[in-house]
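Visitor: My structure is below; once you've seen it, I'll send some questions.
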Amino acid sequence: ESRMTKEATYLLADLDKDTVDFQDNYDGKEKEPVVLPAQFPNLLVNGGGGIAVGMATNIPPHNLGEVIDATLALIDDPLISEEALCDIVPGPDFPTGALIMGRSGSRKALLTGRGSVIIRSKTDIEQAKNGREAIIISEIPYQVNKAAMITKIAELVREKKIEGISDLRDESDRNGIRVVIEIKRDASADVVLNQLYRFSQLQSSFAVNMLALNGGRPELMNLRKVLECFIAFREEVIVRRTKHELGKARDRAHVLVGLALAVANIDEVIRLIRTSPDPATARQRLLDKAWPQQDMGPLIDLIADRRTRRGNEEGTIYLSDEQARSILNLPLHRLTGLGRDEIGNEAKGLAEKIAEYLDILRSRTRILGIIKAELGEVKEKFAVPRRSHFVDGGVDMDDEDLIEVEDMVVTVTHGGYVKRTPLSTYRTQNRGGKGRSGMSMKDEDFIVRVFSATTHTEILFFSSAGMVYKEKVWRLPVGGPTSRGKALVNIFPLAADERIESVMPLPDSEEAAEHLDVMFATRSGNVRRNRLADFTRVNRAGKIAMKLDEGDGIVSVQLCSEKDDVLLTTALGQAIRFEVTDVRVFAGRDSTGVRGIRLAEGDEVISMGILRHMDVTSEEARAYLKHAAAMRRAATGEEEEISDDEEEAVAEAALSAERIAELGAAEEFIFTVADDGMGKRSSAYDYRVTGRGGKGLVAQNIWGRDKKGGPVKKVAQSFPVGDGDEVMLVTDGGQLIRTPVDQIRIAGRSTAGVWVLRTGDGERVVSAARLVDDGEGGMDKPEG
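Under our numbering, the sequence shown has 335 at position 295, and the numbering climbs by one with no breaks.
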């Protein structure tokens with residue numbers, strides 16, 4: 041059994057007045073209403089959920105007062121906009137309270153019928169008696185079981201998915217919910233709370249699907265459609281109720297007309313009855329006689345009953361069977377003067393009611409007025425303030441919002457391991473040092489990629505299969521300099537024979553990303569250019585980035601603009617520089633690109649750099665390089681190695697002081713290092729711009745040949761650097777060194793350079809990264 045609330049009575053009001061249709065119940069023994077004649081929009085106020093064959097519905101509850109206000113507004117102004125209705129009903133109102141994060145999800149659901157509402161527990165951070173912080177939970181999301189939520193939090197603590205919780209207890213009582221989570225002294229309550237939002241039911245989402253039966257057909261409705269259907273339904277209910285009341289009033293008035301006629305002609309009625317041998321004869325004699333209607337004419341006309349028969353003489357009528365039976369059953373006391381007055385007064389009252397009912401049925405305005413009055417009554421009695429309050433902003437709040445922006449070094453190994461390490465862990469050393477102990481490697485593994493980024497930087501991971509995956513730095517595993525990290529196969533859904541070949545940090549600024557393209561370079565010398573927008577939306581399953589020929593692989597993927605140049609460097613010391621605009625923008629991602637450099641046999645591209653394009657002739661470049669070398673020689677007294685082709689007799693351009701200053705301000709330097717640890721800086725002016733697809737120029741002297749006729753060493757890495765930058769070199773033995781760029785000598789393009797890192801026997805440099813000075817003494821964005 042159950043007892044209805046007072047509110048429920050307004051769902052059943054007028055159920056006995058033919059306001060809705062009835063149907064057989066499950067066994068056919070009883071009748072049940074097809075729908076309740078609800079006086080308020082219960083579909084929105086109470087919500088509902090269910091699953092049927094091929095469809096489902098999930099409608100959240102809303103605030104009664106807000107829904108009624110919106111209904112009244114729609115009645116008053118049928119052309120009111122959907123946005124205005126959403127301002128009145130901003131979203132769901134859950135009986136458990138809690139917080140609704142943002143308004144966009146709720147608004148979308150109200151406008152379209154579908155959306156997702158993020159519900160977050162109401163919490164406070166208090167100071168416990170022991171001096172520790174404590175998270176106090178006072179309201180939980182709708183449809184969340186408190187006991188199950190507490191059990192889940194305890195499991196997360198045991199599994200160490202959430203750290204920093206020292207105690208968890210339930211102090212709830214009849215006054216409300218109170219769950220206390222004590223925080224460890226060295227933990228941040230804000231970070232723990234944010235982790236609880238993500239991993240536990242402290243935050244949940246309500247998937248709104250406002251599917252309802254409209255005329256027996258399923259229909260996805262928005263707020264306006266639901267209210268319109270409710271108003272139309274209430275109009276039908278009021279019309280049916282009024283017709284029912286009108287019918288009852290007419291039936292009673294019809295009987296009263298007969299009684300009034302009998303009282304007015306009481307002597308004749310008594311004579312007919314007394315002279316009749318039996319009741320049937322008396323009834324028939326009453327039916328056969330034409331009675332004068334007297335002053336009952338207006339009421340008879342108002343009733344307009346089809347059972348009323350007019351007499352042959354004007355102003356007379358015949359009684360109906362119901363009237364005759366009523367007269368025969370008339371108590372004697374009704375024949376008194378008082379009784380006659382009661383009959384007359386009742387007849388007049390019924391006449392007024394009938395006129396009222398007829399007026400209602402003729403006027404939609406009156407019907408809508410009744411709907412408004414009844415809605416106002418419900419609101420006055422039962423409306424309560426909103427329980428679930430909106431929190432603007434922070435809809436997609438993640439751990440990132442509570443994680444400090446920190447410089448990190450991201451390391452990727454040949455074996456497919458990745459980690460991030462705070463940049464402050466690596467102390468700066470002078471050029472030529474032995475380095476410090478880095479990541480401990482297995483014999484078959486070594487570091488292939490290292491770069492700096494912030495904890496909030498998004499990184500694109502490009503795989504050997506031509507796929508791209510995206511992850512943020514703070515989501516990568518944290519490890520010290522000697523730790524190996526976490527396998528990439530445990531982070532991304534990589535196939536058995538798929539591995540990460542290249543990584544690319546994305547710019548933190550959306551404005552910067554609007555004017556940038558993505559440039560691909562492969563080992564075989566192909567390049568391809570795409571819009572950055574092609575890769576901004578990458579789910580955890582990844583997406584196709586580039587089509588690769590068999591045996592080819594992605595070497596580098598970098599951001600560029602149409603004002604940049606591309607610099608490709610090969611393992612055998614060749615380099616080519618061409619304008620970005622030499623590579624057309626590809627509309628799709630399923631292509632191999634175009635040729636960037638023509639490779640010699642046994643050679644492959646090992647790096648790609650992006651340089652600012654500068655309009656400078658070969659003569660101007662040579663003259664500037666000679667001038668700059670002389671200035672450095674005068675400042676340091678050291679002779680510089682120069683490229684072989686610089687010694688050739690060429691016609692030099694005469695440069696003005698203004699042109700020298702202009703070229704100096706725009707000058708970039710290329711850091712190139714061989715796998716034996718020898719490297720140098722060379723001016724970007726030493727790399728002249730040519731068309732793509734050529735063989736290129738000498739980028740570094742990798743002197744000598746081995747006994748088989750091959751080079752004794754190869755170029756390990758090459759990329760642009762700035763004066764305030766630092767470079768980090770990593771060997772296959774796990775050694776690292778971080779050196780300021782200004783300690784590395786500037787030399788000609790085709791020279792060998794100086795020792796940057798002295799490698800051990802059999803040890804080779806496998807990766808190098810540029811650490812960029814952010815202007816405040818820290819290292820920021822990565823390159824290389």
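For glycine and all other residues, C-beta sits at the position ideal for the given N, C-alpha and C.
Given this structure, state the Cα-to-Cα distance separating T45 from R214, to the nearest angstrom.
Guide: Roughly 20 angstroms between the two C-alpha positions.
Visitor: Note down, in chain order, each residue of its chain lying with its Cβ closer than 6 angstroms to the Cβ of D207, except the 5 sequence neighbours on either side.
Guide: E222.
Visitor: Are the CB atoms of I367 and R290 within a distance shorter than 8 angstroms?
Guide: No, they are not a contact pair.
Visitor: Where do the N-terminal and C-terminal ends of the alpha helix (DSSP H) with F618 fall, by residue?
Guide: Careful: F618 lies outside any alpha helix (DSSP H), inside the beta strand (DSSP E) at Q614 to E619.
Visitor: Pull up the DSSP beta-bridge partners for Q63, would you.
Guide: Per DSSP, E72.
Visitor: Does the structure place the region 184-201 close enough to the region 232-251 that three or more beta carbon pairs sit under 8 angstroms?
Guide: Contact between the region 232-251 and the region 184-201 is present, because at least three Cβ pairs lie under 8 angstroms.
Visitor: So the beta strand (DSSP E) M261 belongs to, where does it begin and stop?
Guide: Here M261 belongs to no beta strand (DSSP E), and DSSP marks it neither H nor E.
Visitor: Note down the Cα distance separating T111 from R274, rounded to an integer number of angstroms.
Guide: Approximately 11 angstroms, taken between the alpha carbons.
Visitor: Any chance the region 762-770 sits against the region 639-656, with 3 or more Cβ pairs inside 8 angstroms?
Guide: No, because fewer than three Cβ pairs between the region 762-770 and the region 639-656 fall closer than 8 angstroms, the two stretches do not touch.
Visitor: Candidates N369, D127, R406 and D592: which alpha carbon is nearest R264's?
Guide: Here the closest residue by C-alpha is D127.
Visitor: Return helix, strand or coil for Q783, following the three-state DSSP convention.
Guide: Q783 falls in the helix class under three-state DSSP.
Visitor: Taking the C-alpha atoms as reference points, what is the distance between D116 and F270?
Guide: Near 15 angstroms, if we compare the C-alpha coordinates of F270 and D116.
Visitor: Count the other CB atoms within 10 Å of the CB of F709; is the residue buried (16 or more) or exposed (fewer)?
Guide: It is buried - the Cβ of F709 has at least 16 other Cβ atoms within 10 Å.
Visitor: DSSP on A304, reduced to helix/strand/coil?
Guide: DSSP places A304 in helix when its eight states are reduced to three.
Visitor: Are there 16 or more other CB atoms within 10 angstroms of the CB of K201, so buried, or fewer, so exposed?
Guide: Exposed, because fewer than 16 other Cβ atoms sit within 10 Å of the Cβ of K201.
Visitor: Tell me which same chain residues have a C-beta within less than 8 angstroms of the C-beta of H294, skipping the five on either side of it?
Guide: Counting only Cβ-Cβ distances below 8 angstroms, and skipping sequence neighbours, we find I343, D345, R347, T348, S360, E362 and Q363.
Visitor: Tell me the residue span of the beta strand (DSSP E) that contains F239.
Guide: Looking at the DSSP string, F239 is not in any beta strand (DSSP E); the run it does join, the alpha helix (DSSP H), is A229 to F239.
Visitor: Does the region 296-304 come within contact of the region 321-339, defined as at least 3 CB pairs closer than 8 angstroms?
Guide: With a cut-off of 8 angstroms, the region 321-339 and the region 296-304 count as touching, because enough Cβ pairs lie within range.
Visitor: Does the pairing of the region 525-537 with the region 456-464 give three or more beta-carbon distances under 8 angstroms?
Guide: At 8 angstroms Cβ cutoff, the stretches touch.
Visitor: Could you pull the DSSP bridge partners for F501 from this structure?
Guide: Partner(s): Y509 and V543.
Visitor: What did DSSP end up calling T111 once you bin it into helix, strand or coil?
Guide: Helix, per DSSP.
Visitor: Applying the 10 Å Cβ sphere with the 16-neighbour rule, what's the burial state of L119?
Guide: Exposed.
Visitor: Just how far apart, CA to CA, sit A252 and L339?
Guide: In a straight line, the C-alpha of A252 is about 46 angstroms away from that of L339.
Visitor: State the Cα-Cα distance for the pair K666 and R728, rounded to the nearest angstrom.
Guide: So the two alpha carbons sit approximately 15 angstroms from each other.
Visitor: Closer than 8 angstroms is the cut-off here; do at least three beta carbon pairs connect the region 141-148 with the region 217-235?
Guide: These segments do not touch.
Visitor: Flag this pair as touching only if the region 733-743 and the region 605-625 have three or more C-beta atom pairs under 8 angstroms; answer yes or no.
Guide: Yes, since at least three Cβ pairs between the region 733-743 and the region 605-625 fall closer than 8 angstroms, the two stretches touch.
Visitor: Rounded to the nearest angstrom, how far is the Cβ of G87 from that of P101, given a contact under 8 angstroms?
Guide: The Cβ separation is near 4 angstroms, so the contact holds.
Visitor: Helix, strand or coil for T356 per DSSP?
Guide: T356 falls in the strand class under three-state DSSP.
Visitor: Where V309 and P77 are concerned, what is the direct C-alpha to C-alpha distance, given to the nearest angstrom?
Guide: Rounded to the nearest angstrom, the two C-alpha atoms are 46 angstroms apart.
Visitor: So, for F618: in the same chain, excluding its five sequence neighbours on each side, which residues have a beta-carbon less than 7 angstroms away from its beta-carbon?
Guide: Excluding residues within five positions, the ones whose Cβ falls inside 7 angstroms are D605, V606, V729, T730, G731 and R732.
Visitor: Please name the residue, chosen from E446, G793 and G591, that lies closest to M718 on a Cα-to-Cα basis.
Guide: Comparing Cα positions, the closest option is G793.
Visitor: Please report the residue range of the alpha helix (DSSP H) in which H667 lies.
Guide: Residues S658 to T676.
Visitor: So what does DSSP say about E823, is it helix, strand or coil?
Guide: Since pLDDT at E823 reaches only 45, below the 50 mark, its modelled position is unreliable, and the value read off the structure follows with that caveat. If DSSP states are grouped into helix, strand and coil, E823 belongs with the strands.
Visitor: Rounded to the nearest angstrom, how far is the Cβ of L572 from that of L556, given a contact under 8 angstroms?
Guide: About 5 angstroms; that satisfies the 8 angstroms criterion.
Visitor: Which whole-angstrom value is the C-beta distance of D772 and V806, which I expect to be below 8 angstroms?
Guide: With a Cβ gap of about 5 angstroms, D772 and V806 count as contacting.
Visitor: Nearest to V450 by alpha carbon, out of E511, G155, E420 and L398?
Guide: Comparing Cα positions, the closest option is E511.
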